[in-house]
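In the numbering used here, the protein residues as written are 1053 to 1418. Here's the structure we're looking at; comments come further down.
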Ligand code: F6R
């Protein structure tokens, strides 16, 4: 059942290109110009009157939501707030009938996320669920569902479910932009074309797994490391850090790179590994300055960037290049090396990769 892979997690990492193909399938029209969501029942008037979107989820699904915020705000200019479900459900969130609440859940059974869904409906909002399990409680109770087609995810550490959630956000973001006409048709078409290239580009990233394995083995005995990034890269840094903690038990922190000087830099010393995500062309120079700051304190830096930025190698100790894509789509490609780093670090340390200590696949208690 592991198809020749040693662990479910590795199998699921390699299943990502097909999970994307399946999640995209039937959601782009025959001419490749428009996004279609057959199941969605909203009228364009309902969509036009939305003045606020909440994305509510836990753990990795919350991290997908952080990317979703960038996507939806950029494409529609509707303000988006992202919150962990266990916080959202116990405060008084400002939710009205003009609010759309998007809950994100692989399993569709996470207790806090389900409670957030019900509370949002009670307050008058419509709830859209992005979930991987069609018959789940969250899929049943939500007003609308976008199903990710990642297939069953067995490893506790989420990989293909997360990236398929990102694909769902891209599709939904373009769909909203189409209805609200916030992005010109030509630009939407460029996005659709770039989206369709992601499965193949992911396959290209996976071909470098051996280099990433060497890096993971080199950092495995460190007691702590840092992930830094700006903008959408920061959202990916958070996910990379969670994944590493979860299965390798190595302490790590993700930092918005501009925040380093406000305290974190004190923890960077000779040899501290820092993984710097630098995929955003607009923020590239700023990120390079942050890399110089940590290098000056002796950090060992792995830079993850797009193929176009080959000169990054001058500023870092190791570099991992991923294929070039649109700025909003880079998380799909840059998270793959981070998934592989946590997998190979956990493996090298002899941990139970698929079933890490203290964690359960589906958290049905709060
Ligand atoms: C991390 C991980 C967890 C889940 C979280 C939410 O790898 O798997 O953080 O993402 O427990 O689970 P779902 O998506 O099933 O609601």
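All C-beta atoms, glycine included, are put in the ideal place defined by N, C-alpha and C.
Cβ pair residue i, residue j closer than 8 Å
| i | j | result |
| --- | --- | --- |
| residue 1364 | residue 1330 | yes |
| residue 1380 | residue 1115 | no |
| residue 1324 | residue 1278 | yes |
| residue 1268 | residue 1182 | no |
| residue 1383 | residue 1251 | no |
| residue 1299 | residue 1389 | no |
| residue 1164 | residue 1248 | no |
| residue 1169 | residue 1130 | no |
| residue 1160 | residue 1190 | yes |
| residue 1350 | residue 1367 | no |
| residue 1157 | residue 1201 | no |
| residue 1119 | residue 1057 | no |
| residue 1304 | residue 1276 | yes |
| residue 1406 | residue 1185 | no |
| residue 1244 | residue 1084 | yes |
| residue 1135 | residue 1106 | yes |
| residue 1378 | residue 1226 | no |
| residue 1259 | residue 1385 | no |
Range of the contiguous beta strand (DSSP E) that encloses residue i
| i | result |
| --- | --- |
| residue 1327 | 1325-1330 |
| residue 1100 | From DSSP, residue 1100 is part of no beta strand (DSSP E) but of the alpha helix (DSSP H) over 1096-1100. |
| residue 1353 | 1352-1358 |
Assigned secondary structure, residue i (DSSP; H/G/I helix, E/B strand, else coil)
| i | result |
| --- | --- |
| residue 1185 | coil |
| residue 1340 | helix |
| residue 1301 | coil |
| residue 1261 | helix |
| residue 1234 | coil |
| residue 1110 | coil |
| residue 1276 | strand |
| residue 1368 | coil |
| residue 1322 | coil |
| residue 1197 | strand |
| residue 1253 | helix |
| residue 1306 | strand |
| residue 1346 | helix |
| residue 1180 | strand |
| residue 1378 | coil |
| residue 1225 | helix |
| residue 1313 | helix |
| residue 1335 | helix |
| residue 1247 | helix |
| residue 1281 | strand |
| residue 1407 | coil |
| residue 1373 | strand |
| residue 1085 | coil |
| residue 1421 | The requested residue 1421 does not occur in the structure, where the chain is confined to residues 1053 to 1418. |
| residue 1206 | coil |
Range covered by the alpha helix (DSSP H) that runs through residue i
| i | result |
| --- | --- |
| residue 1075 | 1068-1076 |
| residue 1400 | 1382-1400 |
Which runs of the beta strand (DSSP E), 3 residues or longer, sit entirely within the segment 1112-1177? Fully enclosed beta strand (DSSP E) runs of 3 or longer: 1132-1136 and 1151-1157.
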